Each structure stands twice: as structure tokens, then as C-alpha cells.
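Student: In our numbering, the protein residues as written are 101 to 312. In this text, a Cβ means the ideal position worked out from N, Cα and C, and glycines have one as well. Predicted, not measured: the structure shown is a model, and the values here were computed from it.
#1: Would you tell me roughly how many angstroms separate the C-alpha atoms of residue 241 and residue 145, rounded to the nearest one?
#2: For residue 203, count neighbouring Cβ atoms within 10 angstroms of its own Cβ and tell me buried if that reaches 16, exposed if not.
#3: Pairs of beta-carbons, one from the stretch 299-308 and one from the stretch 146-166, closer than 8 angstroms: are there three or more?
#4: Rounded to a whole number of angstroms, what is the C-alpha to C-alpha distance between residue 310 and residue 284?
#5: Residue 230 bridges to which residues according to DSSP?
#6: Report yes if the CB atom of residue 122 is closer than 9 angstroms to the CB atom of residue 183, and no otherwise.
#7: If you drop the 5 nearest sequence neighbours on each side, which residues of the same chain put their C-beta closer than 7 angstroms to that of residue 170?
#8: So for residue 185, helix, strand or coil by DSSP?
#9: Taking DSSP as the reference, what is the three-state secondary structure of residue 239?
#10: Leaving out the 5 sequence neighbours to the left and right, which residues in its chain are closer than 7 angstroms to residue 256 when beta-carbon positions are compared?
#11: Which stretch, first to last residue, makes up the beta strand (DSSP E) that contains residue 280?
#12: Using CA atoms only, rank isn't needed, just tell me which of 130, 159 and 152 is closest to residue 192.
#13: Let me know the alpha helix (DSSP H) ranges lying completely inside the stretch 115-202, each 4 residues or longer, listed in chain order.
#14: DSSP puts residue 222 in a beta bridge; with which residues?
#15: Between which two residues does the alpha helix (DSSP H) harbouring residue 291 extend?
#16: Check each candidate in 290, 137 and 222 and name the one with the smallest Cα separation from residue 281.
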């Protein structure tokens, strides 16, 4: 069997038993669920409390990667794999963060309605003093939303705590007739790239169905 340090996504049981702990620097239940879907179970969850305000002139691409790397560094622990991610939604050059209230969520939905937008996730992995990162972009197209659809979505409360004011894995799935790129990236964690980061750093990713 190929060693995970050689990039194979299938790890030996011996490597799994000896692996260092995995820390997820995020409190997102969506990211935990995505990792569990591919058999990866963090040993600890340690959300990093950082300032997520974009820098003047900062692009969505730069912001997503910077925040992921900053979170991984803030949650670093000796001898552990620390995984962090940050997802940014943007329309043109405008970054749509997590809406503060229903009024702002309504504005976001109005900007997304009938248009394409980008979802960018930065993923960072820190092992000791070594940091690795990836950035993934997905283009999502929303249909034109009716007043009734917007009102119903706002009433659902699903927009709370979501970048861009929507959750593609929930009711907003009915709004997106086209997704170009990674679906799991839009949910909050691009799995293919995340598993590649982990395997490349020597973390045993087990795709046999048993938790790693």
C-alpha cells in the first residue's frame, strides 16, 4: 500500500493509529459534516477568533486565503494538524459577508438574483511551522427570485450566519440552476482539495468508510 506521504488518499491502518491529532479551526457544523462524509473526524474543534474585516482594496480571492491561513496560525498546536477554511461570496468586486440582519440578507439576495456570483474558499493546513494552503472558486448562477421567494427565504432564517446570506445545501438549492465547479466548496469546504492537502502533509485519509 502506498504511503500517504506519497500523496495516496488511502492510508494504512498502522499510519492511522499513529497519526497526530487533527484540529479543526472552525465551529461550522457544515465543515464537520463534510469531513465526516469522507471519514475524517477531527480530534478537537478550536474556532479561531480573528478579525474577518477585508483590508482596503482586498479581493475576495485574497481575503479567503488570508483568513484561512490566519485562522490556522491562530489555532496552531504543537504536534497537531490544524485545518482551517474561510468561504467568501462575491458579486463582481463586491464581497458579501454574513448578513447582520434580515434587511441586509434581503439586499444580498437582490444582488444575487438573476446573476452569477463566485464562491471562494481558502483552505489552510498547518503542521508545526509548515503551512500549506489551497484556494478554490466556484461560479454559481441564481435564477431571478420573486418577491414571494425572497420573503419566504428570509422568513426561514436560513440566511443567518451564512456567507452571502444563503445555504446552497438548504432551501437555496432551489435558486441555483447552474453550478460551475466544486459543490462542496459552496457548502463551505472543497473536499477534493482538502483531502489532497491532508494526504500531502502525511495525514492518513481513510476512504474505506471507517473514521480516520
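Tutor: Reading from the atomic positions:
#1: Cα-Cα distance, rounded: 33 angstroms.
#2: exposed
#3: no
#4: Note that residue 310 scores 47 on pLDDT, short of 50, meaning its location in the model is unreliable; the coordinates nonetheless yield the value given after this. So the alpha carbons of these two residues sit roughly 21 angstroms apart.
#5: According to DSSP, which records beta bridges pairwise, residue 230 is partnered with 227.
#6: yes
#7: Beyond the five residues adjoining it in sequence on each side, residue 170 comes within less than 7 angstroms, by CB distance, of 150 in the same chain, given in chain order.
#8: strand
#9: strand
#10: 271
#11: 278-280
#12: The shortest Cα separation from residue 192 among 130, 159 and 152 belongs to 159.
#13: 129-137 and 160-174
#14: 186 and 235
#15: 291-300
#16: 290
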